[in-house]
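Those letters in the sequence shown? Residues 1 to 136, by this note's numbering.
Note that CB positions come from ideal geometry on N, CA and C, so glycine has one too.
Some notes on the structure that comes next.
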Amino acid sequence: MSANATAHVRTARPSHDLQAAERFWVSGLGLDVLYRYTSDGTPGDHSLLMVGWPHAAWHLELTRDPHAPVAPRPTPEDLFVIYLGEPVPDSLVERLEQHGGKRVPAHNPYWDTWGVTIQDPDGYLLVLSTRSWSNS
Numbered sequence: 001m002s003a004n005a006t007a008h009v010r011t012a013r014p015s016h017d018l019q020a021a022e023r024f025w026v027s028g029l030g031l032d033v034l035y036r037y038t039s040d041g042t043p044g045d046h047s048l049l050m051v052g053w054p055h056a057a058w059h060l061e062l063t064r065d066p067h068a069p070v071a072p073r074p075t076p077e078d079l080f081v082i083y084l085g086e087p088v089p090d091s092l093v094e095r096l097e098q099h100g101g102k103r104v105p106a107h108n109p110y111w112d113t114w115g116v117t118i119q120d121p122d123g124y125l126l127v128l129s130t131r132s133w134s135n136s
């Protein structure tokens, strides 16, 4: 298959704590666990959690190597943006906060105008945008 619009996209990043990440992304945001693997302790073996919505053309992979953990190193511009196309429900923000998220001001004020920024348990930023987006 060529790289084109039908290619599936995976965003992978390290996590300090896969259980905390799962609470945020699954119980907080409402993604599904698509795949889970727990390391058996073999050096170089990674535990991982893949989350997303069924039938979406993307998923998020969170990894943890118990023998050589990689610390997450998010910057203020590392954003995972979900375009809702409607106002961000207060109940969703509250649920994300109850599941380990923290509402923060955006580094770029554009995102404060057009959405809500939530920091996940690993320090990465989720933006829930009130705008819509289409590549066509």
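Residue burial classification, residue i (beta-carbon count within 10 angstroms, cutoff 16)
{"i": "Pro-87", "result": "exposed"}
{"i": "Tyr-124", "result": "buried"}
{"i": "Gly-44", "result": "exposed"}
{"i": "Val-51", "result": "buried"}
{"i": "Gly-85", "result": "exposed"}
{"i": "Gly-100", "result": "buried"}
{"i": "Gly-30", "result": "exposed"}
{"i": "Gly-41", "result": "exposed"}
{"i": "His-59", "result": "buried"}
Minimum C-alpha distance to residue i - residue among the options
{"i": "Pro-105", "options": "Thr-42, Ser-2, Glu-77 and Ala-71", "result": "Glu-77"}
{"i": "Val-116", "options": "Trp-133, Ser-134 and Ile-82", "result": "Ile-82"}
{"i": "Glu-61", "options": "Glu-97, His-67, Asp-90 and Val-26", "result": "Val-26"}
{"i": "His-46", "options": "Trp-53, Glu-94 and Val-70", "result": "Val-70"}
Identity of the residues DSSP links to residue i by a beta bridge
{"i": "Arg-23", "result": "Paired residues: none, contrary to the question."}
{"i": "Trp-58", "result": "Val-9"}
{"i": "Gly-115", "result": "Ser-129"}
{"i": "Gly-52", "result": "Asp-32"}
{"i": "Ala-38", "result": "In the sequence as displayed, the identity of residue 38 is Thr instead of Ala. None; Thr-38 has no bridge partner."}
Expected contact under 8 Å - CB spacing of residue i and residue j to nearest Å
{"i": "Pro-14", "j": "Arg-64", "result": "7 Å"}
{"i": "Ala-12", "j": "Leu-49", "result": "No, Ala-12 and Leu-49 are not in contact; Cβ-Cβ is about 11 Å, not under 8 Å."}
{"i": "Leu-92", "j": "Leu-128", "result": "7 Å"}
{"i": "Arg-131", "j": "Ile-118", "result": "So it is not a contact: roughly 16 Å between Cβ atoms."}
{"i": "Phe-24", "j": "Leu-96", "result": "7 Å"}
Any non-hydrogen atom of the ligand GTP within 8 Å of residue i CB
{"i": "Ser-132", "result": "For the ligand GTP, the structure offers nothing, since it holds no ligand at all."}
Where residue i sits in the DSSP three-state scheme
{"i": "Ser-47", "result": "strand"}
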